[in-house]
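Its first residue numbered 244, the sequence shown is counted upward by one per residue in our numbering.
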Amino acid sequence: MDCIFCKIISGEIKSRFLKETKYSVSLLDAFPLATGHVLVISKNHHQKIQDMSIEENNDLFSLVHQMVSNVDAITGSTLIAIHNGKDAGQEIPHVHVHLVPRSKNDSAGAIHTMFDSTTDPSESEMNELYEKLKI
244 MDCIFCKIIS GEIKSRFLKE TKYSVSLLDA FPLATGHVLV ISKNHHQKIQ
294 DMSIEENNDL FSLVHQMVSN VDAITGSTLI AIHNGKDAGQ EIPHVHVHLV
344 PRSKNDSAGA IHTMFDSTTD PSESEMNELY EKLKI
């Protein structure tokens, strides 16, 4: 497999590991968007969150929870981002969470600035979505 995250986890590519758990690792991003940009990565190769077991998910998000306070201490705010699939912007098809320190002067903006427009679903479309998505 030619996955850069698998190579990092196996030690084939050197990295700055911050913490390791049973199913996850956190490390400094080699190409940071901001000083202190951290990645939390699944040790097992899964493309999407829903491909992971509940135990792996719990482990991953527990590590996110542990690391976010340290990242947040850098600027006081942290963007937590997951690209879950290629069309969602996932460049490396391996589950990972970005923890990016944010400040009011970093020009990154809110999530709504990522999209050219918003949708305006009708009441019936909203009801249909509600029925499809509720658990």
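Glycine included, C-beta positions come from ideal geometry on N, C-alpha and C.
Residue pairing from DSSP places Phe260 in a beta bridge opposite Leu270. The three-state reading of DSSP puts Val314 in helix, counting H, G and I together. Straight through space, the alpha carbons of Phe304 and Thr321 are spaced by roughly 15 Å.
CA-to-CA, the gap between Gln309 and Lys375 works out to about 33 Å.
According to the DSSP assignment, Ile323 belongs to the beta strand (DSSP E) that extends over 320-324. His341 sits in a strand when the DSSP states are folded into three classes.
Exposed is the label assigned to His355, since fewer than 16 other Cβ atoms lie within 10 Å of its Cβ. For Ser285, no alpha helix (DSSP H) encloses it; the enclosing beta strand (DSSP E) starts and ends at 281-285. The shortest C-alpha to C-alpha distance from Ile284 to any of Asn370, Arg345, Val338 is the one to Val338. Here the C-alpha atom of Ala353 lies approximately 31 Å from the C-alpha atom of Asn287. It is roughly 44 Å from the alpha-carbon of Cys246 to the alpha-carbon of Glu366.
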